[in-house]
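Scroll down for the structure; my scribbles are underneath it.
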Amino acid sequence: MDYLSTIVLLAVSTALINNMVFHFFVGNCPFIGVSRRVDTAFGMGAAVTFVTTIASLLSWAMTYYVMAPGAKLTAWIAGLVGYQGTADLSILSYVVYIFAIAWAVQLVEMYVRKYFPPLYKAFGVFLPLITTNCVILFVCLEIMKHVGLGAPDPWGLDKALIYAFFAGAGFLIAIVIMAGIREELDLCDVPKPLQGPGITLIIAGILSLSFMGFTGVDASLAKIMHPKRAEPPPAAAAVSDETARPGATSP
Amino acid sequence: MSSEPTGPGPLDRFTGGILRENPIFRQILGICPSLAVTNTMEGAVTMAGAVLFVLVCSNVMISLIRHLLKPHLRILVFTLVIAAFVTVADRILAAFLYDMSKQLGPYIPLIIVNCIIIARCEICAAKQGVWTAVTDAVGQSLGFALSIAAIASIREILGFGTWFGQWFGWRVIPVAPPAVWSPWVVMILPPGAFVTLGLLMGAINHLVARSRKAAA
Chain A
1 MDYLSTIVLL AVSTALINNM VFHFFVGNCP FIGVSRRVDT AFGMGAAVTF VTTIASLLSW
61 AMTYYVMAPG AKLTAWIAGL VGYQGTADLS ILSYVVYIFA IAWAVQLVEM YVRKYFPPLY
121 KAFGVFLPLI TTNCVILFVC LEIMKHVGLG APDPWGLDKA LIYAFFAGAG FLIAIVIMAG
181 IREELDLCDV PKPLQGPGIT LIIAGILSLS FMGFTGVDAS LAKIMHPKRA EPPPAAAAVS
241 DETARPGATS P
Chain B
1 MSSEPTGPGP LDRFTGGILR ENPIFRQILG ICPSLAVTNT MEGAVTMAGA VLFVLVCSNV
61 MISLIRHLLK PHLRILVFTL VIAAFVTVAD RILAAFLYDM SKQLGPYIPL IIVNCIIIAR
121 CEICAAKQGV WTAVTDAVGQ SLGFALSIAA IASIREILGF GTWFGQWFGW RVIPVAPPAV
181 WSPWVVMILP PGAFVTLGLL MGAINHLVAR SRKAAA
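Note that the protein sequences, when read in sequence, are chains A and B.
Quick note: the first sequence uses the numbering used here, first residue 1, plus one each step.
Quick note: the second sequence uses the numbering used here, first residue 1, plus one each step.
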């Protein structure tokens, strides 16, 4: 029960409260570029979710066994050559993550081209550009923060995969909502300078305001699932909420 | 030199990056950092500096190896070069500007997937010489810096009432009574970022359209 509630809280706080687009601002290029029609947007969101999950699997394994401070494989090799102290390869992590992401994107591209040719056409240039989608790298970096010696709240593979999947799902929710609004917007009379990206960004602002309403849902959920315990379990709800919002505590 | 496909000259690239092809307002690239780090001027300036460093270095590098690039592998090469330089920038910031490095958090490594840099490698550095690539990189970075400084100024002044509040502590809107102004908290939260950028983009489109009409 405790495990289940941690997972549910992690999922809800990732997909809704700390939504990738509306809270962390990552994945904005496809969010603005591919949100013209609902079906394309859904395909894009699904592809991003899939790639994120695969890439997080790879990057978790690489981080846990090779790159984190004190990782097992590296420590073993370091021991073979007689190196004393903690082996730390985390300086390589950005390059390795980009490799993992590029590999996963290539996989998805080949799969979609073979089995869903119309979807492949609809994506156009945006499919290879998933490589440069911030959501995926952001998820990998978030996983890196939670693996290795001295990580405040160590994640196993299960938590990393659930985080990645629901981060993608949050992106999917955001881009589908946006595409639905923009389909209706075609019938509206938008002032000429604001047409296109301008009005999309303003709508995104209003949507992000409404997503702020989810703040605190995790605490209430925790209360429902643990009626006896007064305080909410701190681990899942606090997933990098403070650290990743720059300047939240300025003068 | 003569066999190469010619593009705009160095000076053209430089000024184009600031005005005509401004990365944020005209090409709509690099939206993520322009929203995420612009609630204070310090964040915006640090981010612009990091982007300048990475863009100049990777443009030079790509321009030097442009004859070795294979078409189907070039995006991967671009990303790996950029990732290497971003690692350098990240370590430098962590060493000398630890507070800013903490504050910007994951957005420094996210420069790797910033579309501006890949787009400049693809459009300019992979086709033209080193000198043109450098001016292009500097021009684009200045355009980027000016854009995010504009957004950050609006957001910090309206949200905190300060300008460079953490570094220099300049107050723009006095706090002394009579209190005629209360800070707009929403401007430093995510919605303020989206709305500010949207409205600025609209304003710039309007100005461009008007100057075009005046010229015609």
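From the three backbone atoms N, C-alpha and C, an ideal C-beta is built for every residue, glycine too.
Check	Outcome
Nearest-angstrom Cα distance between Glu242/A and Asn39/B?	Legend: pLDDT at Glu242/A = 44, less than 50; position of this residue unreliable, value from coordinates given subsequently. The alpha-carbon atoms of Glu242/A and Asn39/B are separated by roughly 15 Å.
Specify, as a first and last residue, the run of the alpha helix (DSSP H) that Ala219/A falls within.	Val217 to Met225
Looking at the secondary structure, which residues open and close the alpha helix (DSSP H) in which Phe116/A lies?	Run containing Phe116/A: none; DSSP gives neither H nor E here.
Quick one: what's Arg37/A bridged to in DSSP?	Paired residues: none, contrary to the question.
Would Val190/A count as contacting chain B if we go by Cβ distances under 7 Å?	no
Chain B partners of Ile54/A, CB-CB under 9 Å?	Chain B residues near Ile54/A: none, gap ~17 Å exceeds 9 Å.
Could you pull out every residue in the same chain whose Cβ sits closer than 6 Å to the Cβ of Phe164/B, ignoring the five residues on either side in sequence?	Met41 and Trp170
My output table needs one value for Ser3/B: the three-state DSSP class, helix, strand or coil.	Only weak support exists for where Ser3/B lies, its pLDDT of 44 falling under 50; the coordinates are left without a value.
Closer than 7 Å, CB to CB, is Val38/A near chain B or not?	no
So which residues on chain A does Asn205/B lean against when the C-beta distance must stay under 7 Å?	Pro193 and Gly198
Name the residue from Glu184/A, Gly156/A, Asp189/A and Leu172/A whose alpha carbon lies nearest to the alpha carbon of Ile7/A.	Gly156/A
Does Trp131/B come out as helix, strand or coil in the three-state DSSP assignment?	helix
In whole angstroms, what is the alpha-carbon distance linking Cys188/A and Gln140/B?	35 Å
Taking all protein chains shown into account, do 16 or more other C-beta atoms lie within 10 angstroms of the C-beta of Gly216/A, making it buried, or fewer, making it exposed?	exposed
With a floor of 3 residues, list each beta strand (DSSP E) that falls wholly inside the region 145–191 of chain B, ordered by position along the chain.	none
Closer than 7 Å, Cβ to Cβ, to anything on chain A: give me those residues from the region 40–68 of chain B, in chain order.	Thr40 and Gly43
Rounded to whole angstroms, what is the Cα-Cα separation between His23/A and Thr135/B?	35 Å
Starting from Pro154/A, find everything on chain B with Cβ-Cβ shorter than 8 Å and list it in chain order.	Per Cβ cutoff of 8 Å: no residues; Pro154/A is ~19 Å from chain B at best.
Please classify Met47/B as buried or exposed, where buried requires at least 16 neighbouring CB atoms within 10 angstroms.	buried
Taking the continuous alpha helix (DSSP H) assigned at Arg256/A, which residues delimit it?	Past the edges of chain A, shown from 1 to 251, lies residue 256/A, and the structure says nothing about it.
Compare the C-beta of Ile117/B against all C-beta atoms of chain A and say whether one is closer than 7 Å.	no
For chain A, is any of its Cβ atoms less than 7 Å away from the one on Phe144/B?	no
Work out the CA separation of Ala216/B and Val96/A for me, nearest whole Å.	52 Å
Under DSSP, the alpha helix (DSSP H) around His23/A begins and ends at which residues?	Met20 to Phe24
Rounded to the nearest angstrom, what separates Gly253/A and Asp39/A at their Cα positions?	Any property of residue 253/A remains undetermined from this structure, which presents chain A solely from 1 to 251.
List the whole-angstrom C-beta distance separating Ile175/A from Phe31/A, where the pair is believed to meet the contact cut-off of C-beta under 8 Å.	6 Å
Does any C-beta atom of chain A lie closer than 7 Å to the C-beta of Pro191/B?	yes
Checking contacts by CB at 7 Å: is His23/A closer than that to chain B?	yes
Spatial neighbours of Met178/A within its chain, please: C-beta separation below 6 Å, excluding the five flanking residues on both sides.	Ser35
Count the other CB atoms, across all protein chains shown, that sit within 10 Å of the CB of Met214/B; report buried if there are 16 or more and exposed otherwise.	The displayed chain sequence assigns Ala, not Met, to residue 214/B. With fewer than 16 Cβ atoms within 10 Å of its Cβ, Ala214/B is classed as exposed.
What residue from Trp167/B, Trp184/B, Ser147/B and Arg74/B has the CA that sits closest to Gly159/B's CA?	Trp184/B
Any C-beta of chain B sitting closer than 7 Å to the C-beta of Ala252/A?	Absent from the model: residue 252/A. The displayed extent of chain A is 1 to 251, so no value can be given.
Against Ile112/B, what residues of chain A qualify as contacts under a CB-to-CB distance less than 7 Å, listed in chain order?	Tyr94, Ile98 and Leu137
What whole-angstrom Cβ distance do Leu200/B and Ile157/B have, given they're in contact under 8 Å?	Contact doesn't hold; Cβ gap of about 14 Å is too wide.
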